[in-house]
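Colleague:
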Amino acid sequence: MKYIPFSNEQSLSAFAPLWRFCIAEKFISGIDCNRLKTYLLSKKPEILAIKENVGDGGTGLGNDSTTARFRSYNIMDWDQSDINTLEEEIIIMHDRYYRDMINTTPPKIECNGWMNIMKKGERVRRHNHGYLSNSYISGNFTVCCDNTKTVYTNPYEHWDEDELIIRVDEWGVDYDYSLYASKNTEGQLTLFPSYVPHFTTQHISDTDRITLAFEIRPNYETNRV
Amino acid sequence: MKLIEFKNKPPISPFAPYWFFHVGEYDTDINCSELKDYLLSKLDEVLSIQDESINDHAYGTKLGKNTTTARAGLYNIFSWDHPEINKLKGEIIKFHSYYYKESLNRQDLPTELWINGWMNFMSKGESIKKHAHGYLEWTYLSGHFTVESDDTQTVYVNPYEYLPESTLTNDLKSGKLDPYSFILYAADNNVGRMALFPSYIPHFTTEHSSDDYRITLAFDMSLYQKDQSYISLYK
């Protein structure tokens, strides 16, 4: 597992902000991404048939997407071998991430996930998954991609998203205090605090870009995973 | 003088972020009519400044390169000797003292205070896009002062809030969002009013819809002379 740390320098002012968080990445070899892709595409019509509670969560992918129905289905409920493996890997990775970050025993978790299927020309706009007192950990898993990046940004970095894409695409910046541009790789599982903003570069391939995204919730009261 | 507080609730998750900051407001009695005339007299001089750093981005405001905003850092309004500018400097020192003591709950004050200021002239149909003035270790306080405005607001946003600016604007207009919540504070731009806030706080303005210029003065403060454009407030 690889950690990408973000931490502020020693503050020189009482009004300077503080930040300290890590993005974690791990390659999962036990998942057959081709088989998973076929399965996910078979579920697409069922998901797009959902008509209630639609909203794309600030991703810019629009209401005709599987992303916009994220409130109404949970991929973790699907009984498919690769999904089951993914669930197990999330539990393992969460366990280690929590211990390394918080240095105590992690709680049991529940997970809610959805799929993002992107066509040529699309990209995910900058958004985060929450920042209130119960904000916890989110993540994603890349099933199918072709030369895209997910860019995680420092929450205090408020330069325009288009300017940040120039830094990544034209200046070649892939990691500094303001951002981490992660090259999407099939089989990669990523965890990050839910408040961390992120977006993707434009998907320019003819084939679908498919990722699974999820939010983890701690369940302090039961032992159920 | 008053402070508008933003403070997170006690976290119930070890991965929840922390925020605690204030937006301060102070209604001064500076003669804005005289100040406006003076600033208008300086407009051509500032716009004649040419430098390779000038661009349409204009420090994130998107006001364009042919503006006094895009030339920030190439001139400093606080180096101009005018009675209302001098009075404004005194008011900033006074307001900074109040803000510092109240926001940090301490009685000492920094021994040095440096400032760099510029003017924003906005025409009908323009707005300042969401931006912040910095967030690194040296970040201190920023502020602005309204010289001329007609029914605009400056919206200060929780730095962790990433709803698009257009959504925030529309939701404020429709009443879906309150003008003050943990998400944002929409402040009326009253003539003569000064605001102070930590430089890392993102902010934008609503659209200026009047035929007259909207004129504000904006500034960054620092505990040391960050670059040659900064002048000491305590001299």
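Here the protein sequences line up with chains A and B, keeping their order. Heads up, the first sequence is in the working numbering, so the first residue is 237 and it goes up one at a time. Heads up, the second sequence is in the working numbering, so the first residue is 49 and it goes up one at a time. Idealized CB from N, CA, C, for every residue including glycine.
#1: Quick check on the burial criterion: 16 or more other C-beta atoms within 10 angstroms. Buried or exposed for N420 of chain A?
#2: Cβ of N364 of chain A less than 8 Å from any chain B Cβ?
#3: Please compile the residues from chain A whose C-beta is within a distance smaller than 9 Å of the C-beta of N56 of chain B.
#4: Kindly say whether I60 of chain B, judged by its beta-carbon, lies nearer than 8 Å to any beta-carbon of chain A.
#5: Determine which residues of the region 61-94 of chain B have a Cβ less than 7 Å from any Cβ of chain A, and write them out in chain order.
#6: DSSP on V94 of chain B, reduced to helix/strand/coil?
#7: Using a Cβ-Cβ cut-off of 6 Å (strictly less than) and excluding sequence neighbours within five positions of I240 of chain A, which residues of its own chain qualify?
#8: State the Cα-Cα distance for the pair N459 of chain A and A120 of chain B, rounded to the nearest angstrom.
#9: How about L425 of chain A and K273 of chain A: do their beta carbons lie closer than 8 Å?
#10: Among B:E160, B:Q273, B:L189, which has the Cα closest to the Cα of F267 of chain B?
#11: Name the residues in the region 210-230 of chain B whose C-beta lies less than 9 Å from a C-beta of chain A; which are they?
#12: Cβ closer than 7 Å: which chain A residues qualify as neighbours of H179 of chain B?
#13: Spatial neighbours of N238 of chain B within its chain, please: CB distance less than 8 Å, with the 5 preceding and 5 following residues excluded, ordered by chain position.
#14: When Cβ atoms are compared, which residues of the region 244-263 of chain A fall closer than 7 Å to chain B?
#15: If I follow the unbroken beta strand (DSSP E) through V205 of chain B, where does it start and stop?
#16: DSSP three-state call for S243 of chain A: helix, strand or coil?
#17: Against Y431 of chain A, what residues of chain B qualify as contacts under a CB-to-CB distance less than 7 Å, listed in chain order?
#18: Could you check what DSSP says for N352 of chain A in three-state terms: helix, strand or coil?
#19: Pull up the distance between the alpha-carbon of G182 of chain B and that of S270 of chain B, whole angstroms please.
#20: Name the chain E residues whose beta carbon is nearer than 9 Å to that of Y411 of chain A?
#21: Please compile the residues from chain B whose C-beta is within a distance smaller than 9 Å of the C-beta of Y372 of chain A.
#22: Only counting runs of 4 or more residues, tell me where the alpha helix (DSSP H) segments fall wholly within the region 59-124 of chain B, in order along the chain.
#23: Look at the alpha carbon of G266 of chain A and the alpha carbon of Q155 of chain B, and state the distance between them as a whole number of angstroms.
#24: Between which two residues does the alpha helix (DSSP H) carrying N134 of chain B extend?
#25: With three or more beta-carbon pairs closer than 8 Å as the criterion, would you say the region 157-170 of chain B touches the region 249-265 of chain B?
#26: Quick one: is V461 of chain A buried, meaning 16 or more other Cβ sit within 10 Å of its Cβ, or exposed?
#27: Give the straight-line distance between the Cα atoms of N114 of chain B and I176 of chain B, rounded to the nearest whole angstrom.
#28: Just the C-alpha distance for V290 of chain A and E213 of chain B, rounded to the nearest angstrom, thanks.
#29: DSSP state of M269 of chain B, grouped into three classes?
#30: Assuming H256 of chain B contacts T200 of chain B under a Cβ cut-off of 8 Å, what Cβ separation, rounded to an integer in Å, is found between them?
#31: Taking the alpha-carbon positions, what's the T447 of chain A to K178 of chain B distance?
#32: Which runs of the alpha helix (DSSP H) spanning at least 4 residues fall entirely within the region 310-366 of chain A, listed in chain order?
Modeller: This is what the structure holds:
#1: For the purposes of this step, residue 420 of chain A is taken as residue 184 along the first sequence, with counting starting at 1. Classification for N420 of chain A: buried.
#2: One-based indexing of the first sequence puts residue 364 of chain A at position 128. It does; some Cβ of chain B falls within 8 Å.
#3: Counted from its first residue, the second sequence places residue 56 of chain B at position 8. Correct list: Y367, L368, S369.
#4: Here residue 60 of chain B corresponds to residue number 12 of the second sequence, with the count starting at 1. Judged by the 8 Å Cβ criterion, I60 of chain B is in contact with chain A.
#5: S61, P62, F63, A64, P65
#6: Along the second sequence, read from residue 1 onward, the residue named residue 94 of chain B stands at position 46. Helix, per DSSP.
#7: On the first sequence, position 4 is the one that residue 240 of chain A refers to. Contacts found: I259, Y416.
#8: Position 223 of the first sequence holds residue 459 of chain A. Position 72 of the second sequence holds residue 120 of chain B. Only weak support is given to the placement of N459 of chain A: the predicted model assigns it a pLDDT of 43, under 50, and the question is left unresolved by the model.
#9: To locate residue 425 of chain A, count along the first sequence from 1; it is residue 189. To locate residue 273 of chain A, count along the first sequence from 1; it is residue 37. No.
#10: Here the question's residue 267 of chain B lines up with position 219 in the second sequence. The residue with the shortest Cα to Cα distance from F267 of chain B is B:L189.
#11: Y210, L211, P212, T215, F230
#12: Taking the first residue of the second sequence as 1, we reach residue 179 of chain B at position 131. Going along chain A in sequence order, the residues near H179 of chain B (Cβ under 7 Å) are H394.
#13: Translated into positions along the second sequence, residue 238 of chain B becomes position 190. Cβ within range, chain order: D75, T194, S197.
#14: N244, E245, Q246, S247, L248, S249, A250, F251, A252, P253
#15: On the second sequence, residue 205 of chain B is found 157 positions in, with the first residue counted as 1. 201-205 is the extent of the beta strand (DSSP E) around V205 of chain B.
#16: On the first sequence, position 7 is the one that residue 243 of chain A refers to. Strand at S243 of chain A.
#17: Here residue 431 of chain A corresponds to residue number 195 of the first sequence, with the count starting at 1. Near Y431 of chain A (Cβ distances below 7 Å), the residues of chain B are P65, Y208.
#18: Taking the first sequence and counting its residues from 1, one reaches residue 352 of chain A at position 116. Reduced to three states, the DSSP call for N352 of chain A is strand.
#19: Residue numbering aside, residue 182 of chain B sits at position 134 when the second sequence is read from its first letter. Residue numbering aside, residue 270 of chain B sits at position 222 when the second sequence is read from its first letter. C-alpha separation (whole angstroms): 11 Å.
#20: You won't find chain E in this structure, because its protein chains are A and B.
#21: Along the first sequence, read from residue 1 onward, the residue named residue 372 of chain A stands at position 136. Under the 9 Å cutoff, chain B gives S61, P62, F63, A64.
#22: 80-95
#23: Translated into the one-based positions of the first sequence, residue 266 of chain A becomes position 30. Translated into the one-based positions of the second sequence, residue 155 of chain B becomes position 107. Computed Cα separation, rounded: 60 Å.
#24: By one-based count along the second sequence, residue 134 of chain B stands at place 86. N134 of chain B -> alpha helix (DSSP H) spans 131-152.
#25: yes
#26: Position 225 of the first sequence, counted from the first residue, corresponds to residue 461 of chain A. Residue placement at V461 of chain A is poorly supported in this model, since its pLDDT is 40, which falls under 50; the coordinates are not used for a value here.
#27: As a first step, residue 114 of chain B is located in the second sequence; it is residue number 66 there, counting from the start. As a first step, residue 176 of chain B is located in the second sequence; it is residue number 128 there, counting from the start. Spanning the two alpha carbons is a distance of roughly 14 Å.
#28: Here residue 290 of chain A corresponds to residue number 54 of the first sequence, with the count starting at 1. Here residue 213 of chain B corresponds to residue number 165 of the second sequence, with the count starting at 1. Each residue's Cα considered, the two are about 21 Å apart.
#29: Position 221 of the second sequence holds residue 269 of chain B. M269 of chain B: strand per DSSP, three-state reduction.
#30: Within the second sequence, numbered from 1, the residue matching residue 256 of chain B stands at position 208. Within the second sequence, numbered from 1, the residue matching residue 200 of chain B stands at position 152. Between T200 of chain B and H256 of chain B the Cβ distance is about 5 Å, and since that is below 8 Å, they are a contact.
#31: Walking along the first sequence from the start, residue 447 of chain A turns up at place 211. Walking along the second sequence from the start, residue 178 of chain B turns up at place 130. Roughly 30 Å between the two C-alpha positions.
#32: 317-338
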